[in-house]
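Written out below as structure tokens is the structure these notes cover.
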Amino acid sequence: MKVIVTGGAGFIGTNFIYYVLEKHPENEYICLDKLTYAGNLTNLEEAIKNPRFKFVKGDIADRDLIYRLFAEERPDQIVNFAAESHVDRSVLFPDEFLRTNITGVGVLLDACRKYGIERFHQVSTDEVYGDLPLDRKDLFFTEDTPLNPSSPYSSSKASADLIALAYHRTYGLPVTISRCSNNYGAYQFPEKLIPLMIYNAMHDIELPVYGEGINVRDWLFVEDHCIAIDLILQSGKIGEVYNVGGHNEKQNIEVVKAILKATNKPKTLIKYVTDRPGHDLRYAIDPEKIWNELGWKPLTPFEKGIEQTIKWYLENVEWMKDIMTGEYEKYYSEVYNNREEKFGR
Ligand code: NAD
Ligand code: TYD
């Protein structure tokens, strides 16, 4: 079987490629990635040594390139991780989110129709459901929860989900979708909560907590997400959506304090800053469907996963250093300087 993994040089894609290369010695994998600021070819250094792996630089929204790649490779499966993935960036620069997350998915789906594939899997997010109130712990996102996205990021992902499902219904394309909660683990770009807080704690830089830090996210170790996607590719039902999560809800401030404790840094580094506009209050997945139908359950508890993650960042200082370029500093000041002026109401 030949599998194209788009966006495989990013956080989850990298973890997925290492997982499947080992799990399926009979398969060949091609990573197609544009190498945006979030894509890092050094992540795949080990994979590139494997004769069953190939890297191709390219944009999923580039129709000619995608059709050429499909014509040459004749893939059996496509797993689409490629996306602009950060909510804060989508608030400031929505354009690229619409191009990659919507148009890019449309191009991939068209290529799947034109050349024929066994499966197109869209890696989506629980953020397509919008948010849940903080005071209703009894409420969870099920696969039937209406889509109600809040940010340019989540609305672009919801659009892609709808288009993929429409290609299944209209053209019979063999599509599956997974909607996962927040991931954490090795190779995550330090614009997201956990690696950003680890990096800042390591360097005694203040930890910027949005609002009161009481928003809730449902954290899942990245390898558990990779296992779930692989299982959906093996045994998931065509045309179905699977929510992926492990009932691990935490307030942001709890996560930040756990990182400070593990890195032996003082709580005085915490700085409460002006909230993110449109900030979703709570995400919480009901994972009953994938638990019951596919027998998936998360293997790594948060305490173990976060310890492993912090250890990885401490041991991979060079990886971090390569990312902390002028580009990152520019991004950081755009998001974190003068927040009251930019985002205050
Ligand atoms: P990431 O930002 O770390 O990686 C995205 C990758 O896509 C990068 O390698 C980037 O270079 C590539 N890319 C971007 N635009 C591209 C384009 N036009 N053509 C080809 N490649 C392009 O993201 P991630 O955190 O690894 O997320 C991967 C997927 O999983 C995304 O679709 C995201 O919506 C979804 N997801 C993420 C999380 C999470 O917590 N990180 C949770 C649920 C779902
Ligand atoms: P993030 O990692 O950006 O993921 P998402 O917004 O997609 O869930 O943020 C996770 C939570 O952490 C979210 O509630 C916003 C909050 N947050 C901060 O408080 N400070 C920060 O600097 C960042 C990046 C996020």
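Going letter by letter, the sequence shown gives residues 56 to 400 in our numbering. Note that beta-carbon positions come from the ideal geometry of N, C-alpha and C, so glycine has one too.
Per DSSP, reduced to three states, the secondary structure at Asn-270 is coil, with no helix or strand assignment. Val-372 counts as exposed, since fewer than 16 other beta carbons sit within 10 angstroms of its beta carbon.
When the Cα atoms are used, Phe-244 and Tyr-92 turn out to be separated by approximately 9 Å.
For Val-183, there is no enclosing alpha helix (DSSP H), as DSSP marks it with neither H nor E.
According to the DSSP secondary-structure assignment, Thr-231 is paired through a beta bridge with His-176. Judged by beta-carbon spacing, Cys-86 lies beyond the 8 Å limit of Gly-113, meaning their Cβ atoms are not closer than that value. Leaving aside the five residues that flank Trp-346 on each side, the residues in its chain whose CB is nearer than 7 Å to its CB run, in chain order, Lys-352. Excluding its 5 nearest sequence neighbours in each direction, Asp-181 has C-beta neighbours in its own chain below 6 Å: Phe-196, Arg-234, Ser-236, Tyr-338 and Ile-340, listed in chain order.
DSSP places Gln-243 in no alpha helix (DSSP H); its state is neither H nor E. At least one heavy atom of the ligand TYD is found less than 7 Å from the C-beta of Glu-182. C-alpha of Gln-363 to C-alpha of Gly-240: approximately 8 Å in a straight line. Straight-line spacing of the CA atoms in Asn-255 and Thr-225 works out to 48 Å.
In this structure, Asp-143 has its beta carbon less than 7 Å from a heavy atom of the ligand TYD. Here the region 114-122 does not lie against the region 259-277, with fewer than 3 beta-carbon pairs under 8 Å apart. In terms of CA proximity to Asp-186, Asn-203 leads the group Lys-312, Asn-203, Gln-289 and Asn-392. When DSSP reads this structure, Thr-61 sits in a beta bridge with Leu-87 and Asn-135.
Taking each of Cys-167, Asn-270 and Ala-283 in turn and checking the Cα distance to Leu-228, the smallest one comes out for Cys-167. Rounded to the nearest angstrom, the gap between the Cα atoms of Val-310 and Glu-127 is 46 Å. Just so you know, the alpha carbons of Tyr-84 and Phe-136 end up roughly 14 Å apart. One alpha carbon belongs to Arg-129, the other to Ser-209, and they sit about 31 Å apart. In the three-state reduction of the DSSP assignment, Pro-263 falls in the strand class. Comparing C-alpha distances from Glu-382 to each of Glu-246, Tyr-73, Glu-77 and Val-146 shows the shortest one belongs to Glu-246. Between the ligand NAD and the CB of Gly-300, the shortest heavy atom gap is not smaller than 7 Å.
Look at Tyr-383: its beta carbon is at least 7 Å from all of the heavy atoms in the ligand TYD. Comparing alpha-carbon positions, the option among Val-230, Trp-367, Gly-65 and Val-328 lying closest to Asp-131 turns out to be Val-230. Residue side-chain check: Ser-205 keeps its Cβ at 7 Å or more from all non-hydrogen atoms of the ligand NAD. Using a Cβ distance threshold of 8 Å, His-176 and Ile-133 count as a contacting pair.
In this structure, DSSP gives Tyr-92 a state outside helix and strand, which the three-state scheme calls coil. In this structure, Val-75 and Asp-285 form a Cβ contact; the two beta carbons are roughly 6 Å apart against a cut-off of 8 Å. Put simply, of Lys-359, Asn-156 and Ile-72 the residue whose alpha carbon is nearest the alpha carbon of Ser-206 is Asn-156. The residue among Arg-123, Ala-138 and Lys-326 with its C-alpha nearest the C-alpha of Tyr-170 is Arg-123. Residue burial is scored here from C-beta neighbours: Tyr-73 has at least 16 other C-beta atoms within 10 angstroms and is therefore classed as buried. Straight-line spacing of the CA atoms in Ser-140 and Asn-238 works out to 12 Å.
Relative to the Cα of Pro-106, the nearest Cα in the group Asp-119, Phe-125 and Asn-82 belongs to Asn-82.
DSSP places Asn-255 inside the alpha helix (DSSP H), whose first and last residues are 248-257.
One thing to note: Pro-250 has its Cβ within 8 Å of the Cβ of Tyr-368.
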